Amino acid sequence: MTNKPHTKPYHADLIIEEAQNGWRIIRLNRPKSLHALDESIVTALFNVFEDFHADDSVKAIWLDSTTPKAFCAGGDVRKLRQLVINNEVETANRFFEQEYALDLLLHNYAKPIVVWGEGYVMGGGLGLFMAAPFRLVTPHSRLAMPEVNIGLYPDVGASRFLADRGPIGLFTGLTGSIMTAAGAYGIGWATHICDTQRDTVLQKLIDIDWEHYPAGDFRALDDTLNGMHRPVPPGPLQNSLDVIHSVCRGVQFEQDYETILGLSDARSDWLRQASENLEKGSPSTAAITWLLWQWGRQVHSWQEVFDLEAQISDWKITHPDFVEGVRARLVDKDLSPVWQEVSAMTLPAILSEHPPVTNIESWNELLRQYNVI
(Lines of atoms letter the chains of each structure in order from A; the text may use other names.)
(Lines give C-alpha, C1' and ligand atoms only; values in the text may rest on other atoms or scores of the structure.)
Protein backbone atom coordinates (compact mmCIF):
# COMPACT_ATOMS: atom_id res chain seq x y z
CA MET A 1 0.00 0.00 0.00
CA THR A 2 1.76 3.15 -1.19
CA ASN A 3 -0.04 6.23 0.07
CA LYS A 4 1.28 9.74 -0.18
CA PRO A 5 1.04 12.29 2.63
CA HIS A 6 -1.63 14.94 2.23
CA THR A 7 -0.11 18.27 1.28
CA LYS A 8 -2.03 20.43 3.79
CA PRO A 9 -0.82 20.18 7.42
CA TYR A 10 -3.96 20.26 9.58
CA HIS A 11 -2.61 19.21 13.00
CA ALA A 12 0.60 17.71 14.40
CA ASP A 13 -1.35 14.77 15.89
CA LEU A 14 -3.19 13.86 12.68
CA ILE A 15 -1.68 11.77 9.91
CA ILE A 16 -3.52 12.36 6.63
CA GLU A 17 -2.76 10.39 3.48
CA GLU A 18 -4.03 10.19 -0.07
CA ALA A 19 -4.57 6.63 -1.26
CA GLN A 20 -5.58 5.39 -4.70
CA ASN A 21 -9.10 5.24 -6.03
CA GLY A 22 -10.32 8.42 -4.32
CA TRP A 23 -9.58 7.23 -0.77
CA ARG A 24 -8.30 9.46 2.02
CA ILE A 25 -6.89 8.07 5.27
CA ILE A 26 -7.09 10.00 8.56
CA ARG A 27 -5.19 8.68 11.59
CA LEU A 28 -5.36 9.96 15.16
CA ASN A 29 -1.81 10.00 16.51
CA ARG A 30 -1.82 10.64 20.26
CA PRO A 31 -0.83 7.21 21.56
CA LYS A 32 0.22 8.33 25.07
CA SER A 33 -3.30 9.61 25.81
CA LEU A 34 -5.02 6.79 23.86
CA HIS A 35 -5.73 9.36 21.14
CA ALA A 36 -7.78 11.64 23.43
CA LEU A 37 -9.58 14.56 21.82
CA ASP A 38 -9.09 18.21 22.73
CA GLU A 39 -10.36 21.39 21.11
CA SER A 40 -7.43 21.72 18.71
CA ILE A 41 -7.77 18.21 17.29
CA VAL A 42 -11.58 18.23 16.93
CA THR A 43 -11.36 21.60 15.16
CA ALA A 44 -8.68 20.19 12.83
CA LEU A 45 -10.79 17.08 12.14
CA PHE A 46 -13.78 19.29 11.36
CA ASN A 47 -11.69 21.23 8.83
CA VAL A 48 -10.33 18.03 7.24
CA PHE A 49 -13.78 16.48 6.82
CA GLU A 50 -15.24 19.74 5.53
CA ASP A 51 -12.47 20.06 2.93
CA PHE A 52 -12.85 16.43 1.83
CA HIS A 53 -16.60 16.87 1.51
CA ALA A 54 -16.09 19.70 -0.95
CA ASP A 55 -13.28 17.94 -2.86
CA ASP A 56 -14.67 16.05 -5.88
CA SER A 57 -11.57 13.85 -6.07
CA VAL A 58 -12.41 12.31 -2.67
CA LYS A 59 -14.69 9.24 -2.90
CA ALA A 60 -14.43 7.73 0.60
CA ILE A 61 -12.63 8.23 3.92
CA TRP A 62 -10.97 5.75 6.29
CA LEU A 63 -10.57 6.89 9.93
CA ASP A 64 -8.45 5.06 12.50
CA SER A 65 -5.54 5.63 14.91
CA THR A 66 -1.86 4.75 14.87
CA THR A 67 -2.08 2.08 17.61
CA PRO A 68 -4.20 -1.06 18.06
CA LYS A 69 -4.67 -0.37 21.79
CA ALA A 70 -7.29 2.31 21.14
CA PHE A 71 -9.12 4.06 18.36
CA CYS A 72 -9.98 6.88 20.77
CA ALA A 73 -10.61 6.63 24.51
CA GLY A 74 -12.59 9.90 24.63
CA GLY A 75 -12.17 13.59 25.27
CA ASP A 76 -9.23 14.96 27.23
CA VAL A 77 -11.24 15.33 30.46
CA ARG A 78 -8.18 16.09 32.58
CA LYS A 79 -7.62 19.20 30.48
CA LEU A 80 -11.34 20.09 30.75
CA ARG A 81 -11.21 19.68 34.54
CA GLN A 82 -8.25 22.03 34.77
CA LEU A 83 -10.07 24.63 32.69
CA VAL A 84 -13.04 24.46 35.07
CA ILE A 85 -10.75 24.82 38.12
CA ASN A 86 -9.10 27.83 36.43
CA ASN A 87 -12.53 29.44 35.88
CA GLU A 88 -12.08 29.03 32.11
CA VAL A 89 -15.48 27.41 31.64
CA GLU A 90 -16.06 29.22 28.34
CA THR A 91 -12.93 27.60 26.90
CA ALA A 92 -14.14 24.20 28.12
CA ASN A 93 -17.53 24.82 26.52
CA ARG A 94 -15.81 25.66 23.24
CA PHE A 95 -14.39 22.14 23.21
CA PHE A 96 -17.89 20.66 23.45
CA GLU A 97 -19.23 23.01 20.76
CA GLN A 98 -16.41 22.04 18.37
CA GLU A 99 -16.73 18.34 19.19
CA TYR A 100 -20.50 18.35 18.59
CA ALA A 101 -20.06 20.35 15.36
CA LEU A 102 -17.70 17.59 14.15
CA ASP A 103 -20.12 14.81 15.19
CA LEU A 104 -23.03 16.60 13.49
CA LEU A 105 -21.01 17.06 10.29
CA LEU A 106 -20.27 13.30 10.21
CA HIS A 107 -23.89 12.29 10.90
CA ASN A 108 -24.95 14.36 7.88
CA TYR A 109 -21.98 13.47 5.65
CA ALA A 110 -22.76 12.55 2.04
CA LYS A 111 -19.59 10.54 1.39
CA PRO A 112 -18.89 7.14 2.97
CA ILE A 113 -16.73 7.07 6.12
CA VAL A 114 -15.27 3.82 7.46
CA VAL A 115 -14.02 3.80 11.07
CA TRP A 116 -11.64 1.10 12.31
CA GLY A 117 -12.68 0.78 15.97
CA GLU A 118 -9.92 -1.41 17.38
CA GLY A 119 -9.07 -1.37 21.11
CA TYR A 120 -10.79 1.22 23.27
CA VAL A 121 -13.65 3.14 21.66
CA MET A 122 -15.11 5.22 24.47
CA GLY A 123 -16.81 8.53 25.20
CA GLY A 124 -15.91 11.05 22.52
CA GLY A 125 -14.31 8.24 20.51
CA LEU A 126 -17.62 6.38 20.47
CA GLY A 127 -19.31 9.61 19.38
CA LEU A 128 -17.07 9.75 16.29
CA PHE A 129 -17.54 6.03 15.69
CA MET A 130 -21.34 6.17 15.89
CA ALA A 131 -21.48 9.10 13.47
CA ALA A 132 -20.04 7.01 10.62
CA PRO A 133 -22.08 4.63 8.42
CA PHE A 134 -19.42 1.88 8.45
CA ARG A 135 -18.25 0.96 11.95
CA LEU A 136 -15.71 -1.87 12.13
CA VAL A 137 -14.69 -3.67 15.32
CA THR A 138 -12.23 -6.48 15.99
CA PRO A 139 -12.15 -9.20 18.67
CA HIS A 140 -9.97 -6.77 20.68
CA SER A 141 -12.46 -3.88 20.62
CA ARG A 142 -13.90 -2.52 23.88
CA LEU A 143 -16.71 0.02 23.57
CA ALA A 144 -18.41 2.04 26.32
CA MET A 145 -19.87 5.32 27.50
CA PRO A 146 -18.27 5.19 30.99
CA GLU A 147 -19.05 8.77 32.11
CA VAL A 148 -20.86 7.63 35.27
CA ASN A 149 -17.38 6.89 36.68
CA ILE A 150 -16.11 10.46 36.24
CA GLY A 151 -19.22 12.56 36.88
CA LEU A 152 -19.74 13.66 33.27
CA TYR A 153 -22.62 12.07 31.26
CA PRO A 154 -23.04 10.13 27.97
CA ASP A 155 -22.98 12.93 25.38
CA VAL A 156 -21.64 13.11 21.77
CA GLY A 157 -25.07 12.09 20.48
CA ALA A 158 -25.66 9.36 23.08
CA SER A 159 -28.86 11.15 24.12
CA ARG A 160 -30.19 9.72 20.86
CA PHE A 161 -28.11 6.63 20.12
CA LEU A 162 -28.64 5.16 23.62
CA ALA A 163 -32.37 5.87 23.44
CA ASP A 164 -32.50 4.21 20.00
CA ARG A 165 -31.36 0.96 21.66
CA GLY A 166 -34.20 0.96 24.23
CA PRO A 167 -33.55 -0.58 27.67
CA ILE A 168 -30.13 -1.87 26.56
CA GLY A 169 -29.05 1.69 25.75
CA LEU A 170 -30.36 2.93 29.09
CA PHE A 171 -28.54 0.15 30.96
CA THR A 172 -25.21 0.79 29.21
CA GLY A 173 -25.54 4.54 29.80
CA LEU A 174 -26.34 4.18 33.51
CA THR A 175 -23.66 1.57 34.21
CA GLY A 176 -20.90 2.49 31.74
CA SER A 177 -20.65 -1.23 30.92
CA ILE A 178 -17.92 -2.22 28.49
CA MET A 179 -19.03 -4.03 25.37
CA THR A 180 -17.03 -6.53 23.36
CA ALA A 181 -17.23 -6.83 19.56
CA ALA A 182 -20.08 -9.33 19.92
CA GLY A 183 -22.16 -6.98 22.06
CA ALA A 184 -21.42 -3.93 19.91
CA TYR A 185 -22.46 -5.80 16.78
CA GLY A 186 -25.47 -7.33 18.52
CA ILE A 187 -27.02 -3.94 19.32
CA GLY A 188 -25.98 -2.27 16.08
CA TRP A 189 -23.20 -0.08 17.42
CA ALA A 190 -20.81 -1.89 15.06
CA THR A 191 -21.75 -2.75 11.48
CA HIS A 192 -19.03 -5.38 10.89
CA ILE A 193 -16.61 -7.54 12.87
CA CYS A 194 -13.21 -8.08 11.23
CA ASP A 195 -10.61 -10.54 12.45
CA THR A 196 -8.30 -9.70 9.53
CA GLN A 197 -5.33 -7.33 9.82
CA ARG A 198 -6.26 -3.68 9.48
CA ASP A 199 -4.09 -3.06 6.42
CA THR A 200 -5.58 -6.07 4.63
CA VAL A 201 -9.10 -4.75 5.20
CA LEU A 202 -8.07 -1.25 4.09
CA GLN A 203 -6.37 -2.56 0.95
CA LYS A 204 -9.50 -4.49 -0.08
CA LEU A 205 -11.51 -1.30 0.26
CA ILE A 206 -8.97 0.76 -1.69
CA ASP A 207 -9.10 -1.88 -4.46
CA ILE A 208 -12.89 -1.56 -4.91
CA ASP A 209 -13.77 -1.04 -8.54
CA TRP A 210 -16.36 1.73 -8.13
CA GLU A 211 -17.48 1.34 -11.76
CA HIS A 212 -18.83 -2.14 -11.01
CA TYR A 213 -21.39 -0.71 -8.59
CA PRO A 214 -24.09 1.27 -10.40
CA ALA A 215 -26.04 1.26 -7.09
CA GLY A 216 -23.42 3.60 -5.65
CA ASP A 217 -20.39 3.88 -3.39
CA PHE A 218 -22.17 2.94 -0.16
CA ARG A 219 -23.40 -0.30 -1.74
CA ALA A 220 -19.90 -1.10 -2.97
CA LEU A 221 -18.51 -0.71 0.55
CA ASP A 222 -21.33 -2.69 2.11
CA ASP A 223 -20.82 -5.63 -0.25
CA THR A 224 -17.04 -5.64 0.27
CA LEU A 225 -17.27 -5.40 4.06
CA ASN A 226 -20.01 -8.04 4.25
CA GLY A 227 -17.56 -10.41 2.57
CA MET A 228 -15.03 -9.79 5.37
CA HIS A 229 -17.47 -9.86 8.30
CA ARG A 230 -16.75 -12.71 10.74
CA PRO A 231 -19.40 -13.44 13.41
CA VAL A 232 -18.11 -14.20 16.91
CA PRO A 233 -19.76 -16.15 19.75
CA PRO A 234 -22.20 -14.23 22.00
CA GLY A 235 -20.56 -11.99 24.60
CA PRO A 236 -21.68 -11.01 28.11
CA LEU A 237 -24.18 -8.48 26.78
CA GLN A 238 -26.13 -11.03 24.70
CA ASN A 239 -26.04 -13.49 27.58
CA SER A 240 -27.59 -10.84 29.84
CA LEU A 241 -30.38 -9.50 27.61
CA ASP A 242 -33.25 -11.03 29.60
CA VAL A 243 -31.84 -9.65 32.84
CA ILE A 244 -31.28 -6.17 31.36
CA HIS A 245 -34.89 -6.00 30.15
CA SER A 246 -36.17 -7.13 33.54
CA VAL A 247 -34.14 -4.63 35.62
CA CYS A 248 -34.18 -1.63 33.29
CA ARG A 249 -37.75 -0.63 32.44
CA GLY A 250 -37.29 3.09 31.86
CA VAL A 251 -40.53 3.92 33.70
CA GLN A 252 -39.28 5.13 37.06
CA PHE A 253 -35.73 6.26 37.84
CA GLU A 254 -35.70 5.02 41.45
CA GLN A 255 -36.90 1.59 40.41
CA ASP A 256 -34.29 1.19 37.66
CA TYR A 257 -31.56 2.39 40.03
CA GLU A 258 -32.52 -0.05 42.79
CA THR A 259 -32.98 -3.07 40.52
CA ILE A 260 -29.59 -2.54 38.82
CA LEU A 261 -27.96 -2.26 42.26
CA GLY A 262 -29.67 -5.56 43.06
CA LEU A 263 -27.44 -7.27 40.47
CA SER A 264 -24.56 -7.20 42.96
CA ASP A 265 -25.09 -10.93 43.56
CA ALA A 266 -25.70 -11.88 39.90
CA ARG A 267 -23.90 -14.94 38.55
CA SER A 268 -22.39 -12.93 35.72
CA ASP A 269 -19.19 -10.95 36.43
CA TRP A 270 -20.29 -8.45 33.80
CA LEU A 271 -23.64 -7.77 35.53
CA ARG A 272 -21.98 -7.51 38.94
CA GLN A 273 -19.52 -4.98 37.52
CA ALA A 274 -22.42 -2.99 36.03
CA SER A 275 -24.11 -2.88 39.44
CA GLU A 276 -20.89 -1.76 41.13
CA ASN A 277 -20.28 0.97 38.52
CA LEU A 278 -23.70 2.47 39.15
CA GLU A 279 -23.43 2.15 42.93
CA LYS A 280 -20.02 3.88 43.01
CA GLY A 281 -20.86 6.29 40.19
CA SER A 282 -22.04 9.88 40.25
CA PRO A 283 -25.72 10.25 41.28
CA SER A 284 -26.07 13.40 39.16
CA THR A 285 -24.72 11.51 36.13
CA ALA A 286 -27.18 8.65 36.67
CA ALA A 287 -30.10 11.09 36.98
CA ILE A 288 -29.23 13.17 33.91
CA THR A 289 -28.52 10.03 31.84
CA TRP A 290 -31.94 8.58 32.70
CA LEU A 291 -33.71 11.84 31.79
CA LEU A 292 -31.79 12.27 28.53
CA TRP A 293 -32.75 8.72 27.55
CA GLN A 294 -36.41 9.65 28.12
CA TRP A 295 -35.98 12.77 26.00
CA GLY A 296 -34.09 10.87 23.30
CA ARG A 297 -36.98 8.43 22.83
CA GLN A 298 -38.96 11.30 21.32
CA VAL A 299 -38.06 12.16 17.73
CA HIS A 300 -35.26 14.73 17.53
CA SER A 301 -32.91 15.75 14.74
CA TRP A 302 -29.19 15.40 15.34
CA GLN A 303 -29.00 19.19 15.33
CA GLU A 304 -31.45 19.38 18.24
CA VAL A 305 -29.64 16.57 20.09
CA PHE A 306 -26.33 18.44 19.95
CA ASP A 307 -28.00 21.77 20.80
CA LEU A 308 -29.35 20.21 23.99
CA GLU A 309 -26.13 18.40 24.84
CA ALA A 310 -24.12 21.63 24.52
CA GLN A 311 -26.31 23.17 27.22
CA ILE A 312 -26.29 20.05 29.43
CA SER A 313 -22.47 19.90 29.18
CA ASP A 314 -22.23 23.54 30.28
CA TRP A 315 -24.33 22.61 33.33
CA LYS A 316 -22.52 19.32 34.05
CA ILE A 317 -18.89 20.45 34.00
CA THR A 318 -19.66 23.11 36.62
CA HIS A 319 -21.38 20.51 38.82
CA PRO A 320 -18.96 19.50 41.61
CA ASP A 321 -19.23 15.81 40.61
CA PHE A 322 -17.25 16.41 37.40
CA VAL A 323 -14.12 17.95 38.95
CA GLU A 324 -14.22 15.36 41.75
CA GLY A 325 -14.86 12.38 39.47
CA VAL A 326 -11.96 13.17 37.14
CA ARG A 327 -9.72 13.82 40.16
CA ALA A 328 -10.49 10.43 41.71
CA ARG A 329 -10.12 8.38 38.53
CA LEU A 330 -7.55 10.16 36.39
CA VAL A 331 -5.58 12.66 38.51
CA ASP A 332 -5.02 11.23 42.01
CA LYS A 333 -6.24 7.77 40.88
CA ASP A 334 -7.50 6.85 44.36
CA LEU A 335 -10.82 5.67 42.84
CA SER A 336 -12.66 7.14 45.85
CA PRO A 337 -14.73 10.08 44.63
CA VAL A 338 -16.74 12.06 47.16
CA TRP A 339 -19.84 12.89 45.17
CA GLN A 340 -22.16 15.73 46.07
CA GLU A 341 -24.39 14.47 48.86
CA VAL A 342 -28.02 13.77 48.01
CA SER A 343 -30.86 13.25 50.48
CA ALA A 344 -32.44 10.47 48.40
CA MET A 345 -31.89 8.70 45.07
CA THR A 346 -34.79 10.48 43.38
CA LEU A 347 -34.66 12.85 40.42
CA PRO A 348 -35.90 15.91 42.39
CA ALA A 349 -33.53 15.23 45.33
CA ILE A 350 -30.53 14.91 43.01
CA LEU A 351 -31.24 17.69 40.51
CA SER A 352 -33.70 20.27 41.81
CA GLU A 353 -31.19 22.36 43.78
CA HIS A 354 -29.34 23.26 40.54
CA PRO A 355 -31.71 22.08 37.79
CA PRO A 356 -30.33 21.61 34.25
CA VAL A 357 -32.78 24.03 32.62
CA THR A 358 -32.13 24.82 28.91
CA ASN A 359 -33.79 26.86 26.16
CA ILE A 360 -35.23 23.67 24.62
CA GLU A 361 -38.84 23.46 25.72
CA SER A 362 -39.31 19.71 25.18
CA TRP A 363 -36.48 19.14 27.69
CA ASN A 364 -37.80 21.61 30.25
CA GLU A 365 -41.22 19.97 29.93
CA LEU A 366 -39.61 16.66 30.91
CA LEU A 367 -38.01 18.29 33.97
CA ARG A 368 -41.47 19.52 34.99
CA GLN A 369 -42.98 16.10 34.38
CA TYR A 370 -40.52 14.52 36.83
CA ASN A 371 -40.78 17.38 39.38
CA VAL A 372 -37.20 18.53 38.88
CA ILE A 373 -38.47 22.09 38.29
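Under full-length UniProt numbering, the residue at position 178 of the sequence shown is numbered 178, and the numbers go up by one with no gaps. In this text, a Cβ means the ideal position worked out from N, Cα and C, and glycines have one as well. All values reported here derive from a predicted model rather than from experimental measurement.
>> Using only the alpha-carbon positions, how far apart do R78 and L152 sit?
In response: Looking up residue 78 in the sequence shown gives position 78. Looking up residue 152 in the sequence shown gives position 152. Spanning the alpha carbons of R78 and L152 requires a straight line of approximately 12 Å.
>> Between D314, P355, S343 and Y109, which has its C-alpha nearest R81's C-alpha?
In response: Within the sequence shown, the letter at position 81 stands for residue 81. Per the Cα distances, D314.
> In chain order, which continuous runs of the beta strand (DSSP E) of length 3 or greater are located wholly inside the segment 102-161?
Replying inline: Along the length of the segment 102-161, whole beta strand (DSSP E) runs at least 3 residues long occupy 113-117, 120-122, 134-137 and 142-144, reported in chain order.
> Can we say the segment 162-180 touches the segment 238-250, given the rule of at least three CB pairs closer than 8 Å?
Replying inline: Touching, per the Cβ criterion.
> What do you reckon, are the CB atoms on L136 and W116 nearer than 7 Å?
Replying inline: Counting from one through the sequence shown, the residue named residue 136 turns up at place 136. Counting from one through the sequence shown, the residue named residue 116 turns up at place 116. Cβ distance < 7 Å, so L136 and W116 count as in contact.
> What span of residues does the beta strand (DSSP E) with R368 cover, start to end?
Replying inline: As a working mapping, residue 368 is identified with position 368 in the sequence shown. For R368, no beta strand (DSSP E) encloses it; the enclosing alpha helix (DSSP H) starts and ends at E361 to Q369.
>> Assuming D256 is part of the alpha helix (DSSP H), what are its boundary residues?
In response: Position 256 of the sequence shown, counted from the first residue, corresponds to residue 256. Start and end: F253 to L261.
> Any idea if N371 is buried or exposed, counting beta-carbon neighbours within 10 angstroms, 16 or more meaning buried?
Replying inline: Taking the sequence shown and counting its residues from 1, the one referred to as residue 371 is at position 371. Its Cβ having fewer than 16 others within 10 Å, N371 is exposed.
> Based on Cα-Cα distance, which residue from D155, K111, R27 and L105 lies nearest to W293?
Replying inline: Taking the first residue of the sequence shown as 1, we reach residue 293 at position 293. Each of D155, K111, R27 and L105 was checked against the Cα of W293, and the nearest Cα belongs to D155.
> Of the residues T285, R230, V232 and P231, which one's Cα is nearest the Cα of Y257?
Replying inline: The residue given as residue 257 occupies position 257 in the sequence shown. Checked all of T285, R230, V232 and P231; the closest Cα to Y257 is T285.
> In chain order, what residues of the same chain have a beta carbon less than 7 Å from the beta carbon of E39, not counting five sequence neighbours either side?
Replying inline: Here residue 39 refers to the residue found at position 39 of the sequence shown. Correct list, in chain order: R94, F95 and Q98.
>> For V84 and T318, what's the separation of their Cα atoms in angstroms?
In response: Position 84 of the sequence shown, counted from the start, is the residue given in the question as residue 84. Position 318 of the sequence shown, counted from the start, is the residue given in the question as residue 318. Rounded to the nearest angstrom, the gap between the Cα atoms of V84 and T318 is 7 Å.
>> Taking 8 Å as the cut-off, does the segment 98-113 touch the segment 55-70 (at least 3 CB pairs, one atom from each stretch)?
In response: Flag = yes, the segment 55-70 and the segment 98-113 touch.
>> Let me confirm a value: H35 is counted as buried when at least 16 other C-beta atoms fall within 10 Å, else exposed. Which label applies?
In response: Position 35 of the sequence shown, counted from the start, is the residue given in the question as residue 35. By the 10 Å Cβ count, H35 comes out buried.
>> Contact between the segment 181-198 and the segment 222-235 is defined here as three or more beta-carbon pairs at a separation below 8 Å; is this criterion met?
In response: The segment 181-198 makes contact with the segment 222-235: 3 or more CB pairs, one atom from each, lie closer than 8 Å.
> What did DSSP end up calling E90 once you bin it into helix, strand or coil?
Replying inline: Against the sequence shown, residue 90 aligns to sequence position 90. DSSP places E90 within a helical segment (H, G or I) once states are collapsed to three.
> Roughly how far, in whole angstroms, is the beta-carbon of T224 from the beta-carbon of L202, given that I think they are within contact range, below 8 Å?
Replying inline: Here residue 224 corresponds to residue number 224 of the sequence shown, with the count starting at 1. Here residue 202 corresponds to residue number 202 of the sequence shown, with the count starting at 1. Taking C-beta atoms under 8 Å as the contact rule, T224 and L202 fail to qualify, at a distance of about 11 Å.
> Is the number of C-beta pairs between the segment 325-340 and the segment 288-305 that are closer than 8 Å three or more?
Replying inline: By the Cβ criterion, the segment 325-340 is not in contact with the segment 288-305, since fewer than three pairs of Cβ atoms, one from each stretch, lie closer than 8 Å.
> What residue does the beta strand (DSSP E) around S339 start on, and which one ends it?
Replying inline: Position 339 of the sequence shown, counting from 1, holds the residue named residue 339. The sequence shown places Trp at residue 339, rather than the Ser named in the question. W339 -> no beta strand (DSSP E), and no H or E assigned at all.
>> Assuming the contact rule is C-beta atoms closer than 8 Å, M130 and T172 should be a hit. Round their C-beta distance to whole Å, please.
In response: Position 130 of the sequence shown, counted from the start, is the residue given in the question as residue 130. Position 172 of the sequence shown, counted from the start, is the residue given in the question as residue 172. Between T172 and M130 the Cβ distance is about 12 Å, and since that is not below 8 Å, they are no contact.
> Alpha carbon to alpha carbon, what distance is there between A349 and R368?
Replying inline: What you label residue 368 is simply residue 368 of the sequence shown in a count that begins at 1. What you label residue 349 is simply residue 349 of the sequence shown in a count that begins at 1. Approximately 14 Å between the Cα atoms of the pair.
> In three-state DSSP terms, what is L14?
Replying inline: What you label residue 14 is simply residue 14 of the sequence shown in a count that begins at 1. Three-state result, L14: strand.
>> Could you tell me the alpha carbon to alpha carbon distance between K8 and T66, rounded to whole angstroms?
In response: Taking the first residue of the sequence shown as 1, we reach residue 8 at position 8. Taking the first residue of the sequence shown as 1, we reach residue 66 at position 66. Their backbone Cα atoms lie some 19 Å apart in a straight line.
> Under 7 Å, do I150 and R329 count as touching if we go by C-beta distance?
Replying inline: Locating residue 150 in the sequence shown gives position 150, counting from the first residue. Locating residue 329 in the sequence shown gives position 329, counting from the first residue. Less than 7 Å divides the Cβ of I150 from the Cβ of R329.
> When the Cα atoms are used, what is the spatial distance from G22 to E118?
Replying inline: Translated into positions along the sequence shown, residue 22 becomes position 22. Translated into positions along the sequence shown, residue 118 becomes position 118. E118 has its alpha-carbon roughly 24 Å from the corresponding atom of G22.
> Quick one: what does DSSP say L170 is sitting in, helix, strand or coil?
Replying inline: As a first step, residue 170 must be located in the sequence shown, where it is residue number 170. Correct three-state label for L170: helix.
>> Looking at G124: is its Cβ nearer than 7 Å to the Cβ of L14?
In response: Here the question's residue 124 lines up with position 124 in the sequence shown. Here the question's residue 14 lines up with position 14 in the sequence shown. No, they are not a contact pair.
> Are the CB atoms of D321 and S282 nearer to each other than 7 Å?
Replying inline: If you number the sequence shown from 1, residue 321 lands on position 321. If you number the sequence shown from 1, residue 282 lands on position 282. Yes, they are a contact pair.
>> Classify V121: buried if its beta carbon has 16 or more other beta carbons within 10 angstroms, exposed otherwise.
In response: Position 121 of the sequence shown, counting from 1, holds the residue named residue 121. Buried, since its Cβ has 16 or more Cβ neighbours within 10 Å.
> Among D164, A344, A70 and I41, which has the Cα closest to the Cα of A101?
Replying inline: Numbered from its first residue, the sequence shown carries residue 101 at position 101. When only C-alpha atoms are compared, the closest one is I41.
>> Let me make sure I understand the geometry here. Which of D334, K32, L263 and L221 has the alpha-carbon closest to that of F134?
In response: By 1-based counting over the sequence shown, the position of residue 134 is 134. Of the candidates D334, K32, L263 and L221, the one whose C-alpha sits nearest the C-alpha of F134 is L221.
> How would you write the range of the beta strand (DSSP E) that L330 sits in, first residue to last?
Replying inline: For the purposes of this step, residue 330 is taken as the residue at position 330 of the sequence shown. If you look at L330, you'll find it isn't in any beta strand (DSSP E); DSSP assigns it neither H nor E.
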